[in-house]
Structure formats: structure tokens, C-alpha cells
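S.K.:
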Ligand code: TYD
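In our numbering, the protein residues as written are 4 to 145.
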């Protein structure tokens with residue numbers, strides 16, 4: 004089945020507000036629609052830099068701005084959409100098969116990424132034209 008940008012969505016997380024500080028959490032297959040196989044985070048991003056210009060064939064992700072703000076630009080090969088993340092009580096579900104770029108990182112921003120697969124360089128599509136062919140179902144090896 005072809006993936007569509009409509010499958011990407013902001014997911015609100017539980018919040019326990021407290022005078023001592025707020026608390027939010029994520030449970031796999033409950034708040035996000037996959038099992039977590041890997042967690043990584045992106046930090047100390049210099050101003051003006053973009054990260055993650057690539058797509059994954061299988062990996063799904065959930066991205067939270069734990070601190071600061073940044074934009075995630077998703078592209079399903081037809082439609083492009085920008086999601087601004089700037090709170091730690093919601094995140095962006097990124098389905099597999101999306102071209103995705105992260106940009107406009109604020110100073111001291113911290114991006115938490117939960118991933119549905121272990122790191123596998125073979126799962127990446129680094130070339131945008133190859134991604135467009137892949138998204139259109141062309142039988143090519145990328
Ligand atoms: P990459 O996903 O290519 O980040 P970006 O697209 O933002 O440049 O990751 C950068 C490098 O980090 C990659 O070459 C290998 C390493 N890496 C891992 O070893 N494990 C991981 O889970 C991730 C996300 C990256």
C-alpha cells in the first residue's frame with residue numbers, strides 16, 4: 004500500500020502537570036503505533052543546519068522536541084508538509100517511506116527520536132530522485 008503524507012500526524016502525549024514540574028511519557032504500541040527498537044537524539048545543532056535529508060523504506064519514527072524547537076519537513080513524493088515541533092508533550096509520527104528533513108533548529112534544541120527498527124544503512128534512501136522512483140512504485144534498487 005502506498006504511503007501518504009496523511010498517515011503522518013501529530014500525537015498528543017499524556018501530561019501530568021505538577022507544581023514540581025510536568026511529566027509526560029510514551030508507551031510503545033499505545034501512544035505511538037509501533038514497537039520501539041531504537042532511541043536516538045539530536046543536539047548541539049549549529050544554526051542554519053538541516054539534518055536527515057533522506058527516506059527510510061521500513062523504519063517508522065516518532066519525533067519530539069524535548070527542548071527548543073525545529074521543523075520536520077515531510078514529502079511523500081507528491082505532497083510536502085512542514086510540522087513545527089516546540090513542546091515536549093506532543094510529537095510527530097513519521098510513517099515509513101517519507102522523505103524527511105529536519106531544519107530551523109533553535110539554540111539548545113533537543114530532538115528525541117523513537118524508531119521502529121534498529122539502525123540499518125540499507126534501509127536509507129539518500130538520493131531524492133531514487134526516492135521519487137521508489138514512491139512511485141518503480142522497481143529499482145535504491
Ligand atoms: P543519519 O541518520 O544519516 O543522520 P542525518 O540524516 O541527520 O545526517 O545518521 C548520521 C550517522 O549516525 C550515520 O552515518 C550513522 C550514525 N547513526 C547510527 O549509528 N545509529 C543510528 O541509530 C543513527 C540514527 C545514526
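C-beta: ideal position from N, C-alpha, C; glycine also.
For residue 103, count neighbouring Cβ atoms within 10 angstroms of its own Cβ and tell me buried if that reaches 16, exposed if not.
M.R.: Taking the chain shown and counting its residues from 1, the one referred to as residue 103 is at position 100. Buried, because 16 or more other Cβ atoms sit within 10 Å of the Cβ of residue 103.
S.K.: Give me the pocket residues for the ligand TYD, defined as CB within less than 5 Å of any heavy atom, sorted by chain position.
M.R.: This selection yields 43, 54, 55, 122.
S.K.: Quickly, what does DSSP pair residue 84 with across the bridge? List them, please.
M.R.: Counting from one through the chain shown, the residue named residue 84 turns up at place 81. Residue 84 pairs with 77.
S.K.: Please determine, among 126, 117, 92, the residue with the shortest C-alpha to C-alpha distance to residue 42.
M.R.: Position 39 of the chain shown, counted from the first residue, corresponds to residue 42. Checking every option, the nearest Cα to that of residue 42 belongs to 117.
S.K.: Using a Cβ distance threshold of 8 Å, determine whether the stretch 82-99 contacts the stretch 8-18, with at least three qualifying pairs required.
M.R.: In short, these stretches touch, since the Cβ pair count reaches three.
S.K.: Looking only at DSSP bridge pairs, what is residue 115 linked to?
M.R.: The sequence position of residue 115 within the chain shown is 112, counting from 1. DSSP output for residue 115 lists 44, 67 as bridge partner(s).
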